[in-house]
Amino acid sequence: AQWLNEKEPSEAVLGVIASASRDVKTALELRDERVPRRAIALLQERETKHWARTRRLQLLRVVEFLARNDERACVEFSKAQVHAELLNEVGGAVSVPGQFSDAKSTWVAQLVLTLDALSCNSEMA
């Protein structure tokens, strides 16, 4: 994902957030809203845990992007304990032996990448 290296969320990135959350807001409306707060709210919603894995992957990629490129977002993620929630998900995903499919390994890899982005910038928080 090339957009992970960009410094500001582009319209394409905001579009990913909108499609991941099936949000009715346009990309430009999302730009006006604090994107990290929306991502945190989506991660904490119970309904989000029942999303298709591809939609959850999109959301995790957005969180990873923001954690790597936006100090304020990283601080907000830290305050919201996003890393603790993701660690619990990693633990749950790898706790059942013999049930590790390719899709699940992609999921766990993205969880780890997102956690890495959150921890790399934890000194800022």
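Number 125 marks the last residue of the sequence shown (the UniProt record's numbering); no jumps. Note that the Cβ used here is the ideal one computed from N, Cα and C, for glycine as well.
{"Asked": "Might you give, ordered along the chain, the residues of its own chain that have their beta carbon closer than 6 angstroms to the beta carbon of T80, omitting 5 neighbours on each side?", "Found": "Before going further, note that residue 80 is Ala rather than Thr in the sequence given. Here the set comprises I40."}
{"Asked": "What's the call for V62, buried or exposed, on a 16-neighbour Cβ count within 10 Å?", "Found": "buried"}
{"Asked": "Could you check which residue in R68, H50, A52 and R55 has the C-alpha nearest to that of P36?", "Found": "R68"}
{"Asked": "Given this structure, state the Cα-to-Cα distance separating H50 from W107, to the nearest angstrom.", "Found": "14 angstroms"}
{"Asked": "Once the 5 residues before and after V82 are set aside, which same chain residues still bring their CB inside 8 angstroms of it?", "Found": "I40, L43, V63 and L118"}
{"Asked": "Going by DSSP in three states, Q110 sits in which element: helix, strand or coil?", "Found": "helix"}
{"Asked": "Take L111 as the anchor and find which of R53, E45, R34 and R38 has the nearest alpha-carbon.", "Found": "R53"}
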